[in-house]
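Residue numbers (the working numbering), protein chains in the order written: chain E, 5 to 331; chain W, 24 to 347.
Each residue gets a CB set at the ideal place from its N, CA and C atoms; glycine is no exception.
Report on the structure given below.
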Amino acid sequence: MQTVQRRPLSPRLWRVRPGGVLPILAILAVLLVLVAVRQPSFLAPPSLMSFLGRSAPIILLAAGQYFVIVSGEFDLSVGSLVTAQVVVAARLIDNDPSRTWPVVLVLLVGGALVGLVNGLITTRLRVPSFITTLGMYLILVGAVYLWSNGAPKGGLPEQFRQFGRRAFEDVPLLGRLPYALVVLLLLAAGAVLLMRSDFGRTLVAAGDNPRTAELSGVRVWRVRTIAFVLSGVAAAVAAILLGGYSGVSFQAGAGLEFGAITAVVLGGVALGGGRGSVVGAMLGALTLELLFALMNFYGVPGALRSTVQGAIILLAVAVSATRSSSR
Amino acid sequence: MNARSLLPARRPVPGVFVALALTLAIGGTVVMIDGGQLFNQPTTVSLLHVAAGLGLVAVGQTLVILGGSLDLSVAYVISLSTLVAAETMNGSDGALLPAIGLALTVSAGVGLLNGLLVTKLRINAFIATLGVGLLLKGYLDSGYDGPSGTTAPALVQSLGYQRVGPIPLSFLLLVAVTGAAWFALSRTRFGHHLVAVGGDPEVARLSGVRNDRVLVTAHVLCALCAGLAGIYLASRLGSGAPRVGTEGLYDLESIAAVVIGGTALAGGRGGVIGTVGGVLLLASIDAIFNQLEVDAFFKQVIRGAIIIAAVAIYARRAMRKAAS
Chain E
5 MQTVQRRPLS PRLWRVRPGG VLPILAILAV LLVLVAVRQP SFLAPPSLMS FLGRSAPIIL
65 LAAGQYFVIV SGEFDLSVGS LVTAQVVVAA RLIDNDPSRT WPVVLVLLVG GALVGLVNGL
125 ITTRLRVPSF ITTLGMYLIL VGAVYLWSNG APKGGLPEQF RQFGRRAFED VPLLGRLPYA
185 LVVLLLLAAG AVLLMRSDFG RTLVAAGDNP RTAELSGVRV WRVRTIAFVL SGVAAAVAAI
245 LLGGYSGVSF QAGAGLEFGA ITAVVLGGVA LGGGRGSVVG AMLGALTLEL LFALMNFYGV
305 PGALRSTVQG AIILLAVAVS ATRSSSR
Chain W
24 MNARSLLPAR RPVPGVFVAL ALTLAIGGTV VMIDGGQLFN QPTTVSLLHV AAGLGLVAVG
84 QTLVILGGSL DLSVAYVISL STLVAAETMN GSDGALLPAI GLALTVSAGV GLLNGLLVTK
144 LRINAFIATL GVGLLLKGYL DSGYDGPSGT TAPALVQSLG YQRVGPIPLS FLLLVAVTGA
204 AWFALSRTRF GHHLVAVGGD PEVARLSGVR NDRVLVTAHV LCALCAGLAG IYLASRLGSG
264 APRVGTEGLY DLESIAAVVI GGTALAGGRG GVIGTVGGVL LLASIDAIFN QLEVDAFFKQ
324 VIRGAIIIAA VAIYARRAMR KAAS
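Encoded structure:
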């Protein structure tokens, strides 16, 4: 009964608008206060900018995952895709700076292709996306180990790594502006614009009620497939930034899929689709990163991180689930 | 649709057994051409051992998936259970039963937590069990660097290595657990209610099913199965292993086995017999590739492709059925 009263007259508009970002902003504010108390220097512009730059990959992954989740699906393959991309990049470039741009292109196309395959298998063959992307995860991890015989080969030249770890120095006011942050801001703006476009509305409609969407002329399979492609491209960009920041390893993307999904959920996006905003999802990722930074400042042992992470997620989702009792 | 989903026992044997027979026939031939043998004693025994571990988890996973839920915490429950069992036993046969009891109690407690989070707090099962899994992961990571405790020799000799002919005792345990689960699903009120909840929770609730209680029970049973798998793994390894569950990918593989076995991921359709078929299929592929000495990573690629293909075939059949 409550929900009927609370829901405004035009639910569609309400849902597409980033209406659900207030809770995550509140959590973010609380964390910022805690950080300010413990480590005021962290909030100085240069270190804050570096932090945002470091967080760019997971925020991008969260945005990519958002497209898939809001359309009613899952993408469990992004973590392995990031790992695969980093390892592939190192081997293809093989420390030759002149190959940087071609390889960047290869990675973006590769990410889009993996997303396309995920999307087509899910929508055309009607395999639940959980299974599709789980299978893709196994395939990518196996393939990348197989291709490199168990140890990463080649290396990433500075030309490539600069995207992830260099910055415009001596910027007035901010101190420094990491390249990763610039990339993030551009893509985030693109994501917001995309969600405001017709495509964004059909994407949310497809996740909210695929049947209704289908009947009102949306080609659900097509928008969902595009969502998977966007997630794959986001993973490619995240891989380029992560490879630059932390170098080549088989652990580059480990666990990122669950990190991205929790970030999205933390940002108020409903699993199952149809509700939540891309801004919320990205703020969710930022909150998660800030939480980890905070745990560092308070000297929480690294091993306990996951316990705290688990507790926070359960708490945040429980609070939002009990407030909107419709689901 | 609902009338059909209320009668899980009447469904024909899922196609996974056809796939299993084909795999064994083709695989056996290929292995023979290669100069090996697939059906000799050692290979069969190790195949059944692999199947027993994954099977125990997957049978439990079937119950929650049938109810429309999911358990991503099983891998951590398994690791925890090996540690609780091995540390309580500490190498003495006298502590065998208390240790098993404690390991199962702890597992059931995790299952209860999962169930309550999903039903009472209405947290999406994916997130709830992932969160609980993270809680356990933190505990395991911060408390243990490596193997700990010693499994009682009596358990190692019995559940770990005892066998009847080529059939390990552990596989017989799986058969018994599967039989119990099959009986519960097809012959008891709990089973019918569980399938009804998975098929359509609203309809089930309106027909007087206590959805929450049924789902919590399913989650407890699932965690108990994972705990049992942990005890079995402790008997194989001789000690508690804090990473055995995650390194074996028991969470994702158990879900894959359930789905290959013909159970719908959305709940309401399927059964444990098919799941055992799915487990045997995965274990057979493993055994065949081991015999052919195929690269472990290549094995994983094939495994991923098979999981997708199997589910695509089911989906195709379901579509054709819906069309006719």
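Asked	Found
Contact list for the region 281-299 of chain W against chain E, Cβ threshold 7 angstroms	Val-282 and Leu-288
Chain E residues whose Cβ lies nearer than 7 angstroms to that of Gln-323(W)	Leu-142, Val-145 and Gly-146
Alpha-carbon to alpha-carbon, Met-55(W) and Asn-63(W)	11 angstroms
C-alpha distance - Leu-112(E) paired with Ala-238(E), whole-angstrom precision	9 angstroms
Any C-beta of chain E under 8 angstroms from that of Ala-279(W)	yes
Exposure label - Glu-110(W); buried when at least 16 CB within 10 Å	buried
Between the CA atoms of Leu-80(E) and Leu-295(E) - distance to the nearest angstrom	23 angstroms
Cβ pair count under 8 angstroms reaching 3, the region 36-54 of chain W against the region 155-174 of chain W	no
Every unbroken beta strand (DSSP E) inside the region 108-181 of chain E [3 residues or more]	171-175
Bridge partner(s) assigned by DSSP for Ser-171(W)	Gly-263(W)
Cβ-heavy atom distance, Arg-228(E) to the ligand MN, below 7 angstroms	This structure lacks the ligand MN; in fact it carries no ligand of any kind.
Three-way DSSP call (helix, strand, coil) for Val-8(W) in this model	One cannot answer for residue 8(W) here, as it falls past the ends of chain W, which runs 24 to 347.
Cα-Cα separation, Gly-231(W) to Leu-89(W)	19 angstroms
Contact check, Gly-146(E) vs Phe-321(W), beta carbons under 8 angstroms	yes
Residue from Ile-62(E), Leu-52(E) and Met-53(E) whose Cα sits closest to the Cα of Ala-258(E)	Ile-62(E)
Length of the line joining the Cα atoms of Tyr-141(E) and Glu-173(E)	38 angstroms
Nonlocal neighbours in the same chain, by C-beta distance under 7 angstroms from Val-87(W), ignoring five residues either side	Leu-93, Asp-94, Ala-241, His-242 and Cys-245
Within chain W, the residues that Phe-262(E) reaches when beta carbons sit closer than 7 angstroms	Leu-153
Endpoints, the alpha helix (DSSP H) within which Glu-293(E) is located	282-301
Local Cβ density within 10 Å of Ala-203(W), reported as buried at 16 or more and exposed below that	exposed
Ala-285(E) and Gly-263(E) closer than 8 angstroms at C-beta	no
Separation of Ala-322(E) from Arg-331(E), as counted between CA atoms	Only weak support exists for where Arg-331(E) lies, its pLDDT of 39 falling under 50; the coordinates are left without a value.
Whole-angstrom C-beta distance between Leu-275(E) and Ile-31(E), which should lie under 8 angstroms	Not confirmed; about 19 angstroms, so no contact.
Beta-carbon neighbours of Ser-165(W), restricted to chain E and to distances below 8 angstroms	Pro-305, Ala-307, Leu-308 and Thr-311
Residues sharing a beta bridge with Ile-190(W), DSSP	Val-187(W)
Cβ-Cβ separation, Ser-133(E) to Glu-77(E) (assumed contact under 8 angstroms), whole Å	4 angstroms
Minimum Cβ-Cβ distance from Arg-11(E) to chain W less than 8 angstroms	Residue confidence for Arg-11(E) is low, a pLDDT of 44 falling below 50, so the modelled location carries little weight and cannot support an answer.
Beta-carbon gap between Arg-58(E) and Tyr-183(E) smaller than 8 angstroms	no
Where the alpha helix (DSSP H) through Ile-146(W) begins and ends	Ile-146(W) -> no alpha helix (DSSP H), and no H or E assigned at all.
Spatial neighbours of Val-349(W) in its chain, beta-carbon cut-off 8 angstroms, leaving aside the 5 residues before and after	Residue 349(W) is absent from the model: chain W starts at 24 and stops at 347.
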